[in-house]
Structure formats: C-alpha cells, structure tokens
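What the sequence shown shows, in the numbering used here, is residues 97 to 356, in sequence order.
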Amino acid sequence: MIHFVGAGPGAEDLITVRGKKMLEEADVIIYAGSLVNPKLLDYAKEDCRIYNSARMTLEEVAEVMIRSEEEGLMTVRLHTGDASIYGAVREQMDILEEKGIAYDSCPGVSSFCGAAASLNLEYTLPGVSQSVVITRAEGRTAVPEKESVRAFAAHGATMVLFLSAGLLETLTEQLLEGGYASDTPAAVVYKATWPEEKVLLCTVNTLYETARAHRITKTALIIIGNVLTHSHYERSRLYHPGFTTEYRKGTGETDENSSH
97 MIHFVGAGPG AEDLITVRGK KMLEEADVII YAGSLVNPKL LDYAKEDCRI YNSARMTLEE
157 VAEVMIRSEE EGLMTVRLHT GDASIYGAVR EQMDILEEKG IAYDSCPGVS SFCGAAASLN
217 LEYTLPGVSQ SVVITRAEGR TAVPEKESVR AFAAHGATMV LFLSAGLLET LTEQLLEGGY
277 ASDTPAAVVY KATWPEEKVL LCTVNTLYET ARAHRITKTA LIIIGNVLTH SHYERSRLYH
337 PGFTTEYRKG TGETDENSSH
C-alpha cells in the first residue's frame with residue numbers, strides 16, 4: 097500500500113496523528129525534501145528506506161513505489177502541507193492505478209491554514225469577505241486566463257497566493273488591474289510555522305518592496321484582503337443572544353451589525 101501523507105506546513109508537531117503513525121510504520125518514505133521539515137523523518141524506523149524526491153523525477157519516484165510494493169513494503173509518500181493543493185499527486189496516483197497498486201491519502205494542515213494561525217486571521221469575516229480564493233501567479237506553469245489573478249481580483253474576496261513570491265512585480269500589476277485598491281491590506285508569510293518564519297504586513301502596492309527588503313523570493317504565501325485589518329466586520333448571528341439556533345432559543349432581537 098502507498099500512503100500519500102500531508103506533512104503539514106512546517107512545524108514537525110503539526111502533522112496529523114494519523115500521518116505520524118504512518119511515518120512510524122513505514123518501510124519506505126519518499127519525501128519532498130525541498131519543502132518538508134526533515135525533522136519529521138525522526139519518526140521513521142531505524143531501518144526505513146528514505147528517498148528525497150527533490151532530486152528525483154516522476155518516473156524515479158514511481159520506480160521506488162513499484163519496487164517497494166513488489167517487495168511487500170509499506171510506503172509513505174510525504175508531501176508538504178496538504179497534498180491536494182499544488183501537490184502534483186494525481187500523476188503519481190494515475191501510475192499506481194495503471195499498475196494496480198492500492199493507495200490512499202492522509203490529509204495534512206495546509207500552509208494557508210498555518211499562515212492564518214501565524215496572523216491570528218479569520219479569512220471569512222461577515223460583511224468583509226465570505227470567500228477565499230486560493231490561486232497562484234502564472235510563472236513556468238500556465239494558468240487559464242479565466243483563472244488569472246486579474247480575473248479573481250475583480251471579486252475583491254480574500255486571496256491566498258501560493259508559489260508567487262518571486263513574481264511580485266507582475267502580481268501587483270495584476271491585482272491592481274483586477275480591482276484591488278492600492279492600499280488594500282496584504283501580508284507576506286515566509287515559511288509559516290517554521291522556526292525561521294517571517295510575517296510581514298503591507299499593502300498591495302508595497303508587496304514587492306516589502307518582500308525585497310527582507311530578501312524573500314520563495315517559500316512564502318501572499319495574502320490579500322481587508323480581513324487582514326479585522327475591522328468594520330459584522331458580528332456573527334450564530335452567537336448573538338437574539339438569534340435562534342437548533343440548540344438555543346434567541347430573544348428574536350438582533351442589531352443591524354449582525355450577520356449570518
């Protein structure tokens with residue numbers, strides 16, 4: 097069996113209990129060495145075979161998986177964050193399906209959740225934004241025009257950008273052209289939850305200068321939106337004394353600053 101495991105955003109204690117157990121039981125671990133905290137490998141058995149996929153091609157990774165399965169070994173494919181977001185896992189799974197090899201997935205804490213924790217941030221404040229756009233700027237990997245940063249910016253929702261820290265000049269232009277005001281709050285979160293984490297608050301029009309001043313060109317999330325100032329939001333009705341829920345009878349009186 098091949099287990100795709102989300103390693104979490106960085107801190108070794110932010111892997112799930114299930115993921116940690118799989119690492120402890122694995123005979124083979126293939127980990128994304130350029131992104132995954134190597135301290136997670138301390139959970140591995142002494143005789144576990146460990147491969148760093150940063151130095152491998154898809155075909156080489158698949159070869160290790162297939163060979164391990166033929167030997168009756170349990171393999172963990174360890175991806176950063178949660179593998180469902182920019183994890184390049186589907187192509188691996190398709191190969192396994194072609195070979196008739198069983199696999200499953202163990203979710204992980206994504207770095208966009210780690211960044212929110214570092215900022216003590218709620219992405220979805222009532223009256224400010226009720227949507228989160230997770231996307232990336234176009235670089236060597238193409239992005240469909242209908243999913244361009246410019247197109248998404250028109251919504252004015254909270255935006256979280258992966259894989260974009262080295263493209264901030266172009267990104268800023270697209271954010272402004274799409275509709276964000278130049279003074280819209282922004283944040284650069286470098287290596288969220290790692291010991292060397294940096295959290296930088298700025299605005300859309302100072303993104304590039306802020307990142308350049310701190311020499312950040314990769315391994316950072318870019319967050320855009322008015323939720324970063326956590327002001328002028330509406331109180332949730334869920335905990336309002338006037339709002340009736342399945343579990344609590346309300347007074348029937350709510351103020352105008354309350355929302356679902």
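The beta carbon of each residue, even a glycine, is placed where N, CA and C say it ideally should be.
Under DSSP, the beta strand (DSSP E) around residue i begins and ends at which residues?
i, result
"residue 173", "171 to 175"
"residue 65", "Here the chain comprises residues numbered 97 to 356, so residue 65 is not present and cannot be evaluated."
"residue 299", "294 to 299"
Alpha carbon to alpha carbon, how far is residue i from residue j?
i, j, result
"residue 341", "residue 332", "12 Å"
"residue 155", "residue 127", "15 Å"
"residue 266", "residue 346", "50 Å"
"residue 209", "residue 112", "14 Å"
"residue 249", "residue 166", "49 Å"
"residue 258", "residue 348", "43 Å"
"residue 201", "residue 288", "23 Å"
"residue 311", "residue 263", "13 Å"
"residue 186", "residue 193", "10 Å"
"residue 321", "residue 314", "21 Å"
"residue 318", "residue 203", "23 Å"
"residue 143", "residue 133", "20 Å"
"residue 275", "residue 243", "15 Å"
"residue 336", "residue 343", "13 Å"
"residue 124", "residue 316", "29 Å"
Do residue j and residue i have their beta-carbon atoms positioned less than 8 Å apart in this structure?
i, j, result
"residue 277", "residue 307", "no"
"residue 101", "residue 172", "yes"
"residue 281", "residue 220", "no"
"residue 254", "residue 225", "yes"
"residue 239", "residue 271", "no"
"residue 229", "residue 251", "yes"
"residue 177", "residue 205", "yes"
"residue 360", "residue 290", "A question about residue 360 goes unanswered here, because the residues of the chain that appear run from 97 up to 356."
"residue 137", "residue 146", "yes"
"residue 140", "residue 169", "no"
"residue 199", "residue 98", "yes"
"residue 286", "residue 293", "yes"
In terms of residue numbering, what span does the alpha helix (DSSP H) encompassing residue i cover?
i, result
"residue 247", "245 to 249"
"residue 343", "From DSSP, residue 343 is part of no alpha helix (DSSP H); its letter is neither H nor E."
"residue 162", "154 to 166"
"residue 306", "303 to 309"
Quick check: is the beta carbon of residue i nearer than 8 Å to any beta carbon in chain B?
i, result
"residue 342", "Protein chains in the displayed structure number just one, and chain B is not present."
Name the DSSP bridge partner or partners of residue i?
i, result
"residue 254", "228"
Discussion item. In chain order, what are the residue ranges of uninterrupted alpha helix (DSSP H) at least 4 long that sit wholly in the segment 97 to 151?
Written reply: 113 to 121
Worksheet item: In chain order, which continuous runs of the beta strand (DSSP E) of length 3 or greater are located wholly inside the segment 256 to 286?
Response: If we require 3 residues or more, the beta strand (DSSP E) runs fully inside the segment 256 to 286 come out as 281 to 286.
Worksheet item: In chain order, which continuous runs of the beta strand (DSSP E) of length 3 or greater are located wholly inside the segment 176 to 234?
Response: 199 to 202 and 228 to 232
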